[in-house]
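A short worksheet on the structure shown next.
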Amino acid sequence: MGYKIGQIIKGDITGIQPYGAFVSLDSHTQGLVHVSEIQAGYTKNIHQYLEIGQKVRVQIIDIDEYTKKISLSLRTLADHPPASPYQRKRYFTNRNKNIGFRSIQEQMPNWIEDTLRYLSDLKCEN
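No gaps in the numbering here: position 57 of the sequence shown is 57 in this note's numbering, and each next residue is one more.
So this is what it looks like as structure tokens:
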């Protein structure tokens with residue numbers, strides 16, 4: 001059968017490994033659901049979600065044209081987790097702190113003093 005990326009098909013779980021589950025699509029074709037494609041978020045134990053012999057609906061997310069390996073996903077068919085109603089305001093700069101160059105100006109004499117002391121110690125050692 002000619003499979004295409006994006007196609008949703010049914011299959012049977014034929015094997016489970018720590019890195020993913022093998023799904024039989026037909027008598028001659030098998031695909032892999034990588035552990036990262038089981039669900040949204042971290043999957044600690046794949047056996048909590050899948051069993052050998054279980055029938056699953058999967059979506060084809062990639063087909064390697066040279067090796068003919070098929071990558072499958074359960075995650076793309078699952079409902080997305082609800083977004084948090086609380087959206088925190090994010091700052092990508094320190095503009096909200098109104099620091100400016102004042103802190104650098106205050107620290108500069110200390111930095112100069114430390115550097116001069118370090119250089120004089122190096123000069124004494126040589």
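Just so it is clear, CB atoms sit at the ideal spot from N, CA and C, and this is done for glycine as well.
For residue i, count the other beta carbons within 10 Å of its own beta carbon; 16 or more makes it buried, fewer makes it exposed. Which is it?
i	result
residue 78	exposed
residue 73	buried
residue 21	buried
residue 31	buried
residue 75	buried
Tell whether a beta-carbon distance below 9 Å holds between residue i and residue j.
i	j	result
residue 61	residue 37	yes
residue 46	residue 18	yes
residue 35	residue 29	no
residue 6	residue 59	yes
Grab me the residues of residue i's own chain with a C-beta within less than 7 Å of its C-beta, minus the 5 sequence neighbours each way, in chain order.
i	result
residue 57	8, 10, 77
Within a Cβ cutoff of 8 Å, which residues of the same chain sit near residue i, ignoring the five residues on either side of it in sequence?
i	result
residue 12	23, 24, 53, 54, 55, 56
Can you tell me which residues form a DSSP beta bridge with residue i?
i	result
residue 10	57
To which residues of the same chain is residue i closer than 6 Å at the C-beta, ignoring the five residues directly before and after it?
i	result
residue 3	60
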